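Scroll down for the structure; my scribbles are underneath it.
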Amino acid sequence: DSSMPEQLEGYINLTADEFDPADHSFLILDVRTPAERAGPLGHIAGSHDCIHTTILDETCFEEDKWMKKLKKDSKMIVHCRSGIRSTDTINKLRELGFTNLYHLKGGMLAWEEKNRPTVYVKEHTAESEFSGVEILEMIKSSFFEEVEKAEGAKYDKVWAENKYLAALEDAHLQGEEKPGKRELEVLIRLLSDAAKENGHCIDMITKNAAEMQSILHHCYVEEKKEKKDETPQEA
């Protein structure tokens with residue numbers, strides 16, 4: 195039956211339409227960064243955030259009270275932005291003995307595309323509530339995920355990391371506490387060019403750049419300044 199949820203080894207894939215956030219039998223685990231949860235894609239009401247790297251290295255089970263209380267048979271659905279980090283997280287949870295796992299297929303990108311119920315924080319202005327590090331991390335995550343899932347791409351994490359570091363330097367963002375919007379736009383252009391160099395299809399490059407620009411728009415919107423017309427009015 196094609197309408198049935200997709201059963202994979204050790205977990206079940208649910209689409210954005212199949213998962214009901216009002217079903218309180220589920221624990222919802224969001225493995226994105228706090229900055230991403232507060233960003234343009236928002237987050238699912240009632241979800242708990244725990245960065246995926248802290249699950250992979252198991253430090254979350256020592257430091258996060260919510261994670262500490264989890265039982266091995268807890269009914270839990272895991273998601274990230276696109277499904278890449280959450281898949282890694284699911285595999286780690288399976289390795290640790292968790293047996294009742296679900297995965298939100300396509301992550302928050304699919305959730306937004308289907309216009310599912312989402313919690314958003316207020317739009318941020320030039321005095322962004324995000325630190326420079328958080329904004330850069332959101333752009334980096336977008337770049338890495340889009341490059342990794344690009345059809346036909348030969349993804350190399352070392353290559354991606356080196357390109358990102360080189361782009362930071364070229365955009366004059368090394369050591370910046372609060373990057374300016376112009377420098378961040380240069381970074382996005384450099385990362386899009388890097389994706390193109392790696393042989394990615396043009397629609398993926400366009401989508402990648404648009405997603406990073408969206409992050410930037412929500413995190414660091416320039417203040418609109420009214421310019422006085424200094425041209426003398428003719429009598």
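Count the sequence shown with the working numbering and you get residues 195 to 429, in order.
Every residue gets a Cβ at the ideal spot worked out from N, C-alpha and C, and that includes glycine.
Fair warning: this is a prediction, and the values are worked out from it, not measured in the lab.
N- and C-terminal bounds of the alpha helix (DSSP H) containing D214: It is not in any alpha helix (DSSP H) - D214 carries neither H nor E in the DSSP assignment.
Alpha carbon to alpha carbon, how far is I284 from I435? Give it in angstroms, no decimals. Absent from the structure is residue 435, since the part of the chain shown begins at 195 and ends at 429.
Please work out which residues of its chain come closer than 8 Å, Cβ to Cβ, to S268, disregarding the five sequence neighbours upstream and downstream, and give them in chain order. L221, F292, N294
What are the residues that DSSP puts in a beta bridge with V272? L223, H297
Taking E339 and R275 to be in contact with their CB atoms under 8 Å, please state how far apart those CB atoms are, rounded to whole angstroms. 6 Å
Taking 7 Å as the cut-off, decide whether the C-beta atoms of H242 and L223 are in contact. yes
Out of curiosity, what's the CA-to-CA distance linking E377 and L367? 7 Å
Assuming P311 contacts P215 (C-beta within less than 8 Å), just tell me the rounded distance between them. 6 Å
Taking the beta strand (DSSP E) that N285 belongs to, which residues open and close that run? Per DSSP, N285 belongs to no beta strand (DSSP E); it is in the alpha helix (DSSP H), 278-289.
C-beta atoms of G277 and G240 nearer than 7 Å: no
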